[in-house]
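Participant: If you count by the numbering used here, then the sequence shown holds residues 212 to 285, one letter each, in order. Beta carbons: idealized from backbone N, C-alpha and C, even for Gly. If you scroll down you'll find the structure; I have some questions about it.
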Amino acid sequence: MADTLFLSFALLLTIALIVFAIKQVDRRDTYKSLWYLLIFMMPIAGSLLTLLIITHPSYRKALEHQRKFRFRKV
């Protein structure tokens, strides 16, 4: 349940950042527009990469493996 809630929140935040970055683009000042897109697209790319990593099956398998051996005495 927490994973689904986190993923939906991250997706909504990503969409909001994309919309905000697009609205900040000023067609008259290209240099300023490029900086806005660069500043706002880097966190968007990071959050999308985080979503891809979290939802990847091998990551979930590694988490299950870690949970299985967490309390095992060495």
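Considering Cα atoms alone, identify which of Phe217, Leu216, Ile250 and Tyr242 is closest to Ile229.
Facilitator: To locate residue 229, count along the sequence shown from 1; it is residue 18. Here the closest residue by C-alpha is Ile250.
Participant: Quick one: give me the first and last residue of the alpha helix (DSSP H) that Arg271 is part of.
Facilitator: The residue given as residue 271 occupies position 60 in the sequence shown. Element bounds for Arg271: Pro268 to Phe280.
Participant: Comparing C-alpha positions only, which one of Met252, His267, Tyr247 and Lys243 sits nearest to Leu224?
Facilitator: Taking the sequence shown and counting its residues from 1, one reaches residue 224 at position 13. Nearest C-alpha to Leu224: Met252.
Participant: Please name the residue, chosen from Thr261, Ala273, Gly257 and Lys234, that lies closest to Tyr247 on a Cα-to-Cα basis.
Facilitator: Along the sequence shown, read from residue 1 onward, the residue named residue 247 stands at position 36. Closest by alpha carbon: Lys234.
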